[in-house]
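Protein chains in written order, with UniProt numbering: chain Y, 1 to 118; chain H, 1 to 118. The structure appears right after this line, and notes come after that.
Protein chains: 2
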Amino acid sequence: MTLPHPAADQISLSNVLAVLGDPTRLAIVRYLASKEGVPLNCSQFLDLGSKTNLSYHLAKLREAGVTRTEVVGTSRLITLRRDDLDTRFPGLLDSVIAAAVNDTALPAVGASEIEVRA
Amino acid sequence: MTLPHPAADQISLSNVLAVLGDPTRLAIVRYLASKEGVPLNCSQFLDLGSKTNLSYHLAKLREAGVTRTEVVGTSRLITLRRDDLDTRFPGLLDSVIAAAVNDTALPAVGASEIEVRA
DNA sequence: TCCTTAGTTCAAAAGTTATTGAACAATTGT
DNA sequence: ACAATTGTTCAATAACTTTTGAACTAAGGA
């Protein structure tokens, strides 16, 4: 099962920039990048907002072509749409992520996490 | 004479992305990049909107740290703030400009221009 | 079957951004 | 001094975006 995603050539630069220009969404993208390869579900981002609000922001990211959302059971697995973004806007995602990593003003996922030990 | 500009370390990533996420402003930046080195005044952008509206968009670009505005007589000379952007967000401006150059959906400066001959 | 978990949808409210026109200010040329 | 040129400011409006809570759907486990 799949949700509506724009075709790669329908991804709009100004829309991608506008969508990334929101601190909550930029924080989501930064976290997705830090876990690249691992598909994350929506509840991983609850530090960044309410369930409803995240649903809204994650839909914006998907509709802009920044993320891919796969429906698996009751979960939505979210990944960065790196392949298409890199093809369409070479270097953009990498430079945004690199800058976001150094951005202390951005809300953090896992900020409220208790130290986990082995 | 100088207008208020943010210090380099005050330039915010999400703010820069949000400001570039508007088609009018992205078109301004693309045109500035195409004429890099040549300071342009506001009236060069009149294809993109009314005088008042451009004043608004150009102020947003300046306040976000994307452009530098120098007051010279009755003109404002506008340049890309490439040095600071490149330092703060390496590769970002270049990838945005490269993508913007290939963006046919973006409004064009000089679209209404009559062929100029030598 | 019933309960829980995961996430969506909807409508309202709040907040923000973009666009407009009229009035203004400052500089430059005559 | 006057007019033209360049651009700003202000207030109003229009148009979006974000956030919220309550109600909902769909899958999975007991």
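The C-beta atom is built at its ideal place from N, Cα and C for all residues, glycine as well.
(message) Going by DSSP in three states, E70 of chain H sits in which element: helix, strand or coil?
(response) strand
(message) Using only the alpha-carbon positions, how far apart do A118 of chain H and G49 of chain H sit?
(response) Residue placement at A118 of chain H is poorly supported in this model, since its pLDDT is 41, which falls under 50; the coordinates still yield a value, given next. Going by the C-alpha atoms only, they are around 29 Å apart.
(message) If you measure between the beta carbons of G21 of chain H and L54 of chain Y, is that distance less than 9 Å?
(response) no
(message) Which of the three DSSP states is assigned to T104 of chain H in this structure?
(response) coil
(request) Check the Cβ-Cβ distances between L17 of chain H and every residue of chain Y, and say whether any is below 9 Å. (result) yes
(request) Please decide whether G21 of chain H counts as near chain Y, where near means a Cβ-Cβ distance under 9 Å. (result) yes
(request) Use the C-beta contact count for I114 of chain Y: other C-beta atoms within 10 angstroms, 16 or more gives buried, fewer gives exposed. (result) Residue placement at I114 of chain Y is flagged as unreliable, the pLDDT there being 49, under the threshold of 50; a coordinate-derived value is accordingly withheld.
(request) Measure the CB-CB distance between L80 of chain H and V29 of chain H and report whether it falls below 9 Å. (result) yes
(request) Can you check the UniProt domain "HTH arsR-type" (15-94) of chain Y for any alpha helix (DSSP H) of at least 4 residues that lies completely inside it and give the ranges in chain order? (result) 23-34, 51-64, 82-88
(request) For chain H, find out if any of its Cβ atoms is closer than 9 Å to the Cβ of D47 of chain Y; answer yes or no. (result) no
(request) Would you mind working out which of H:R25, H:A99, H:T67 sits nearest A7 of chain H, comparing C-alpha positions? (result) H:T67
(request) Take E70 of chain H as the anchor and find which of H:P23, H:P39, H:I97, H:V96 has the nearest alpha-carbon. (result) H:P39
(request) Report the residue from H:T52, H:A98, H:G65, H:L3 whose alpha carbon sits nearest the alpha carbon of D84 of chain H. (result) H:G65
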